[in-house]
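Report on one structure; see the data block that follows.
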Amino acid sequence: MAFDLSIVVPAYDEELRLGGGVSSILEYLTKHSINAELVIVDDGSNDRTADVARETAAKFPAISTNVIRYEQNRGKGFAVKTGLQAAKADIALFSDADLSTPIDEMNKLLDPIRNGEFDVTFGSRALDRTLIGTHQPWLREHGGRVVNFMIRKMSGLDFADTQCGFKAFNLTKFRPLLDVMTIDRFGFDIEFLFVAQYHGLKLAEIPVRWNDVAGSKVSPFRDTRRMFGELSQIRRNARTGRYKLN
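Going by the numbering used here, the first residue of the sequence shown is number 12, and it counts up by one from there.
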């Protein structure tokens, strides 16, 4: 079956939060009669994440839902790549499981791809902070600004927020680039955008509504340290030609 849109949701130990997010997505698709599929990727969870995904999807039989599960936790980046590779539509949206950006914001990202204006679009919390409903704790939010500054300096990407978990892709152009991606964890967002820009795709950062949702798996100390290592890897990959397509 041909779909107009694939929505990819990565999930790791999301048994308690996933049902609400999946229901919101499927309700939205049903209400607006959108010809879409939902691809949920269980990144080696230790709980009932995959079962919750299947049980919730069964309540919306009109929407095609594909639940992919593998046993070993590989990282959010690996899960998103797996979902995009499995996507059947030519346009895909990746959304965090907690729907910190509401699903009804998706046309802000999808319309510029549909009309051919851009190839990759991504939500931003930084371009219009009046759209933030529930803020992160002060230290975490301001620490994030410092991290974003360092990302811009080290990657050369002139964007204010590369880490928002709400991105859309023209898969006809972006899917071949997945084969050269190397980052499976925290820095995958940066690599996605870096490689897309490296290959001349048109990128757009778009302000979206966003709310902090309790239960994040991100560790500011651990993941920030890991991210700097991954930024160095991205720079090294570019220098050695790792991102060239065969």
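C-beta: ideal position from N, C-alpha, C; glycine also. Values in this document were obtained by computation on a predicted structure and should not be read as measured data.
With a threshold of 6 Å on Cβ separation, who are the neighbours of residue i within its own chain once the five nearest residues in sequence on each side are excluded?
i, result
"arginine 250", "none"
"leucine 16", "Ala47, Ala100 and Ile102"
"glycine 86", "Asp195 and Arg196"
"leucine 104", "Ile18, Met117 and Ala179"
"glutamate 241", "Ile194 and Gly198"
Consult DSSP for residue i and reduce its assignment to one of helix, strand or coil.
i, result
"phenylalanine 203", "helix"
"valine 219", "coil"
"isoleucine 74", "coil"
"phenylalanine 14", "coil"
"glycine 94", "helix"
"alanine 249", "helix"
"serine 44", "coil"
"arginine 80", "strand"
"aspartate 53", "strand"
"phenylalanine 133", "strand"
"leucine 29", "helix"
"proline 187", "helix"
The alpha helix (DSSP H) spanning residue i covers which residue range?
i, result
"threonine 67", "60–68"
"aspartate 122", "117–125"
Would you grab the beta carbon distance between residue i and residue j for me? Rounded to a whole angstrom, and I think it's under 8 Å.
i, j, result
"arginine 28", "aspartate 53", "Actually they do not touch by this definition, with Cβ atoms about 13 Å apart."
"valine 63", "glycine 88", "Contact doesn't hold; Cβ gap of about 22 Å is too wide."
"threonine 76", "phenylalanine 177", "Between phenylalanine 177 and threonine 76 the Cβ distance is about 19 Å, and since that is not below 8 Å, they are no contact."
"leucine 214", "alanine 98", "That pair is no contact at about 19 Å."
"threonine 141", "asparagine 222", "About 13 Å separates the two Cβ atoms, so there is no contact after all."
"phenylalanine 205", "isoleucine 245", "6 Å"
"glycine 55", "glutamate 82", "6 Å"
"aspartate 115", "proline 218", "Not a contact, Cβ separation roughly 15 Å."
Give me, in chain order, the residues of the same chain whose beta-carbon lies closer than 7 Å to that of residue i; leave out the 5 immediate sequence neighbours on both sides.
i, result
"phenylalanine 71", "Leu37 and Thr41"
"lysine 92", "Leu189 and Met192"
The beta strand (DSSP E) that contains residue i, what's its start and end?
i, result
"serine 106", "102–106"
"phenylalanine 180", "177–181"
Review point. On the three-pair Cβ rule with 8 Å, is the stretch 195–206 touching the stretch 109–124?
Key: no
Review point. Does the stretch 124–142 come within contact of the stretch 158–178, defined as at least 3 CB pairs closer than 8 Å?
Key: The stretch 124–142 vs the stretch 158–178: in contact.
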